[in-house]
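Residue numbers (this note's numbering): 1 to 274. Yeah, the Cβ is synthetic: ideal placement off N, Cα and C, and Gly gets one too. Source: prediction; values computed, not measured. All remarks here apply to the structure that follows.
If you want it as structure tokens, here you go:
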């Protein structure tokens, strides 16, 4: 009989946030798939848990994913953990879940701390609708395309960022979005936890010197609805694009221009055009 993969959340800083259910799960499974076995060993030692581990990370996920699934299909139970937070969110564990789906392996989630939700909760920005954008690419073209696609996003946007990339990210956020509210959430649940509620302009001018240290989540205000003087429908956006095409514009250019006018996403308009 096939076993189960337990997707198990771990603390993002404070070990006191590790739930009794998560501890019981790690104690009960046959083995643990860990992003970094050295980091997970510290967690296990703190809670007196002894369990065999296999490493599972970005550069070995295909090979190890097959091995892990084979073991589960043979009846073993496995818990997948990341170094901090919920595995499979902006994390190679996503691939393991897909592999389990393909092979009919049961998955069970053991909820735990999430830096995304925690940062949003204390950001002071709108929480009803939001979008998680993960890490921005270091590739200049991909990074620009990503940010450009979000210019008309009305939902609150959440980004992960490494400290050494913060200066450029602050400058890019101000360049692409203008002056908007920005919450810089650092060292969540740790001793030096801090929420800096500021703006993109202030951050670009005062925090782009590399002085901020730690692990960061950036929460950015979405485009205000009132920035559009009219309420537009998708039908109007598509019709606007068609008129631009009639005047000689290429479909992709027309969709982009209609998006800038109406606030709808370029891909959404382009799809309706086709």
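Query                                                                                                                          : Result
Where residue 229 sits in the DSSP three-state scheme                                                                          : Because the pLDDT of residue 229 is 45, which lies under 50, any placement of that residue in the model is unreliable, and the question is left without a value.
DSSP state of residue 171 mapped onto helix, strand, coil                                                                      : helix
Cα-Cα separation, residue 97 to residue 208                                                                                    : 38 Å
Burial state of residue 258, where buried means 16 or more other Cβ atoms lie within 10 Å                                      : buried
Residues of its chain near residue 111, where Cβ-Cβ distance is below 7 Å and the 5 sequence neighbours each way are ignored   : 9
Residue 228 versus residue 240: straight-line alpha-carbon distance, rounded                                                   : Reliability fails at residue 228, whose pLDDT of 47 lies under 50, so the model's placement of it is uncertain and the value that follows must be treated cautiously. Straight-line Cα distance between these residues: approximately 16 Å.
Backbone CA spacing between residue 116 and residue 109 [nearest angstrom]                                                     : 17 Å
Beta strand (DSSP E) segments (min. 3 residues) lying fully within the region 121 to 152                                       : 130 to 135
Top-ranked residue by Cα proximity to residue 215, from 39, 272, 163 and 274                                                   : 163
Beta carbon of residue 29 nearer than 8 Å to that of residue 100                                                               : no
Residue 11, buried or exposed, once every other Cβ within 10 Å from all chains shown has been counted against 16               : buried
Within-8 Å CB hit, residue 202 to chain C                                                                                      : Absent from the structure: chain C. Only one protein chain is present.
Per-residue DSSP class, three states only, for residue 260                                                                     : helix
C-alpha distance - residue 167 paired with residue 39, whole-angstrom precision                                                : 28 Å
Reference residue 67; option with closest CA among 31, 124, 89 and 36                                                          : 31
Which residues DSSP lists as bridging residue 158, in chain order                                                              : 132 and 219
Start-to-end residues for the alpha helix (DSSP H) that takes in residue 100                                                   : 93 to 103
Cut-off 6 Å between Cβ atoms - residues of its own chain near residue 49, not counting five sequence neighbours on either side : 26 and 27
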